[in-house]
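Peer 1:
Residue numbers (this note's numbering): 59 to 182.
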């Protein structure tokens, strides 16, 4: 699905997505990634929901967001509480949704100026 840009060229915006890709500012990514409005896009090593480790959420917590949007792939799956302990310890909010909803929600929060990180899982 192609999304209509909000004309904020200096910010990372999801411009399109599909079941196996995400476009950020018209650049296509086919691997999982961590996305924040002003930082470079980070390729995330996660390739399967079942393989997510606490270290993956520690990596996200180090980005110091106010809220994390976790796109858990093509369907909603919630991480075990022990895995998200690094977020809880820093009072970082977590919202879990499918990949497509996460892309849309990230764009809304980014446009509002929120300190958001999207952890977008593209399973292989």
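Cβ atoms here follow ideal geometry from the backbone N, Cα and C, with glycine treated the same way.
Computed from a predicted structure; not experimentally measured.
Going by alpha carbons, who is nearest to residue 150 out of 171, 165 and 128?
Peer 2: For the residues 171, 165 and 128, the minimum Cα distance to residue 150 belongs to 128.
Peer 1: Checking 8 Å against the spacing of the C-beta atoms, do residue 172 and residue 125 come in under that value?
Peer 2: Cβ atoms of residue 172 and residue 125: closer than 8 Å.
Peer 1: Kindly identify the DSSP beta-bridge partner or partners of residue 91.
Peer 2: Answer is 101 and 178, bridged to residue 91.
Peer 1: Based on the DSSP output, what are the partners of residue 128 in its beta bridges?
Peer 2: According to DSSP, which records beta bridges pairwise, residue 128 is partnered with 154 and 177.
Peer 1: Beta strand (DSSP E) containing residue 82: first to last residue?
Peer 2: Here the beta strand (DSSP E) through residue 82 covers 79-82.
Peer 1: What are the boundary residues of the alpha helix (DSSP H) that residue 147 is part of?
Peer 2: 143-147 is the extent of the alpha helix (DSSP H) around residue 147.
Peer 1: Determine, using beta carbons only, whether residue 157 and residue 132 come nearer to each other than 8 Å.
Peer 2: The answer is yes: Cβ separation under 8 Å.
Peer 1: Which value, in whole angstroms, describes the spacing of the CA atoms of residue 106 and residue 138?
Peer 2: If you take the alpha carbons of residue 106 and residue 138, they lie about 14 Å apart.
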